[in-house]
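Undergrad: Residue numbers (full-length UniProt numbering), protein chains in the order written: chain F, 1 to 188; chain H, 1 to 188.
There are 2 protein chains.
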Amino acid sequence: MSRPMRADARRNYERLLAEARVMFGERGVDASLEELARRAGVGIGTLYRHFPTRDALVEAVVRDRYDGLTARAEALRDADGARDALATWLRLLIEGAGTFRGMSATLMATLADETSELYASCHAMREAGADLLTRAQAAGEVRADIDTDGLFTLAHGIAWAHEQREVDDPERLPRLLDVVVFGLATRD
Amino acid sequence: MSRPMRADARRNYERLLAEARVMFGERGVDASLEELARRAGVGIGTLYRHFPTRDALVEAVVRDRYDGLTARAEALRDADGARDALATWLRLLIEGAGTFRGMSATLMATLADETSELYASCHAMREAGADLLTRAQAAGEVRADIDTDGLFTLAHGIAWAHEQREVDDPERLPRLLDVVVFGLATRD
DNA sequence: TTGTCAAACGGAGCCTGCCTCCATATGGTG
DNA sequence: CACCATATGGAGGCAGGCTCCGTTTGACAA
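1. Check for me: the alpha helix (DSSP H) holding A7 (chain F) runs from which residue to which?
2. Since G129 (chain H) contacts W89 (chain H) with CB under 8 angstroms, what's their CB separation in whole angstroms?
3. Which partner residues does A120 (chain F) have in the DSSP bridge list?
4. Should Y150 (chain H) go down as buried or exposed, given a rule of 16 or more other Cβ atoms within 10 Å for buried?
5. At a Cβ cut of 9 angstroms, what residues of the region 128-148 of chain F count as close to chain H, listed as they run along the chain?
6. Between H162 (chain H) and the rest of its own chain, which residues show a CB-CB distance below 6 angstroms, the 5 nearest in sequence each way excluded?
7. Relative to the alpha-carbon of D145 (chain F), which residue among H:R175, H:M103, H:E117 and H:I94 has its alpha-carbon at the smallest distance?
8. Chain H partners of W160 (chain F), CB-CB under 7 angstroms?
9. Just to make sure I have the definition right: I need the residues of chain H whose C-beta is within less than 8 angstroms of the C-beta of V58 (chain F). Which are they?
10. Tell me the DSSP secondary structure of V142 (chain H) in three-state form.
11. Between the C-alpha atoms of A31 (chain H) and T110 (chain H), what's the straight-line distance to the nearest angstrom?
12. State yes or no: is the beta carbon of F182 (chain H) nearer than 8 angstroms to at least one beta carbon in chain F?
13. Does the pairing of the region 34-46 of chain F with the region 10-19 of chain F give three or more beta-carbon distances under 8 angstroms?
14. Label M5 (chain H) either buried or exposed according to how many other C-beta atoms from any shown protein chain fall within 10 Å of its C-beta, with 16 as the threshold for buried.
15. Would you mind working out which of H:F24, H:V181 and H:L184 sits nearest G98 (chain H), comparing C-alpha positions?
16. Would you verify that the beta carbon of G150 (chain F) is, or is not, closer than 8 angstroms to some beta carbon of chain H?
17. With DSSP run on the structure shown, which of helix, strand or coil describes A60 (chain H)?
18. Which stretch, first to last residue, makes up the alpha helix (DSSP H) that contains D84 (chain H)?
19. Between L154 (chain H) and chain F, is the shortest Cβ-Cβ distance under 8 angstroms, so that the two count as touching?
20. Measure the alpha-carbon distance for L118 (chain F) versus N12 (chain F) and round it to whole angstroms.
21. Would you say L92 (chain F) faces chain H, with C-beta separation under 8 angstroms as the test?
22. Measuring CA to CA, which of H:E74, H:A75, H:L177 and H:V181 is closest to I158 (chain H)?
23. Quick one: give me the first and last residue of the alpha helix (DSSP H) that S104 (chain F) is part of.
24. Report the partner residues of A185 (chain H) according to the DSSP bridge assignment.
25. Using a Cβ-Cβ cut-off of 8 angstroms, state whether L86 (chain H) counts as contacting chain F.
Printed below as a string of structure tokens:
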């Protein structure tokens, strides 16, 4: 293994991460990295040393959330009502995507780019969700002509579009998701 | 009225418009305006004189398409099957949005910004679509808890998400739209 | 305690893109 | 053909991304 980080390195790493949480919350994941470094009291070069790309920084900020989503999907595997389980999970997914503005866009881009630092955790989460979809389809509760890609396109499309409109009716997003979930149901 | 444009002005205007059609097609509506001006053989100042904002340029490029959509919605007003009419129109809408990359995002932003040069034609088109929605709801064919905003959020959300994935299966987008349209149906 | 050096720092500097301003050029008209 | 309103175009200011490299420093061995 590699030796532990030097004390100053670790300190700067933590500062950057803390500031990223704040600024991503305030301004979304497209916040200026130069300003982020400044606010963290660190040089821009140091920021890039720790996080070579914006995705790497985003990844560090959201990883635990994704791991949680993955775990949650696994917990829902054996729930009654495969479509309900899927609906529940999708709701968690898009609520999470709404935490930081621009997150849905980042996610969609990541799914198409295996070299992204975000890819691994994003992919694991996605596979867990895919499993819920497959089960619901096997149970005959969800139409068979939608694949994982289609599911995520629908979910993130809604999440993205919702965040564009700056409406803060908390019922809005769930209602839109409800339209999609109902549309996913097999027809008589 | 204002007097007609000077010959050089008209010529440059046309060149810019022609080049915009090309570059928006190649690279989407976020193409570099500096390069666009260069390729049109015109100074950057001239571009901004004719089109003070990017939206103004986009508007000039897509206006006739929008007018067509508006007219189409009016033609569909009295069609049999209010939900089918809505579905047909939505399909045209999102296919149009897919012509240039970034168009859906531009549209969503425009709907929230009345000062945008794109707003007028965009708004007219939207109202025409809203009318189709209202009719389908009045006929009891579409659930009543979705408003115009929700409808456009769903439609553009899908269109946007679809354009992020660079899949060229032409059946994909209609299928996703079908999920949403089915989800919009009133439940028994 | 001190010397050594890999590891880390940080910001100057280069790039690209947006947009404004204004000195210069020119088409159209009397 | 002279005049000038209209139009041109690019220099320059701003912001953000990212790299490169001279300087600093923490950790460890002597």
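Backbone N, C-alpha and C define an ideal beta-carbon position, used for all residues, glycine too.
TA: Let me lay it out:
1. A7 to R27
2. 6 angstroms
3. According to DSSP, which records beta bridges pairwise, A120 (chain F) is partnered with nothing at all.
4. What sits at residue 150 (chain H) in the sequence shown is Gly, not Tyr. Counting Cβ neighbours within 10 Å, G150 (chain H) comes out buried, since at least 16 surround it.
5. R143, D145 and I146
6. L173
7. H:R175
8. G157, W160 and A161
9. Here the premise fails: no neighbours, minimum Cβ distance about 16 angstroms.
10. strand
11. 18 angstroms
12. yes
13. yes
14. exposed
15. H:F24
16. yes
17. helix
18. A82 to A97
19. yes
20. 21 angstroms
21. no
22. H:L177
23. M103 to L111
24. H:V142
25. no
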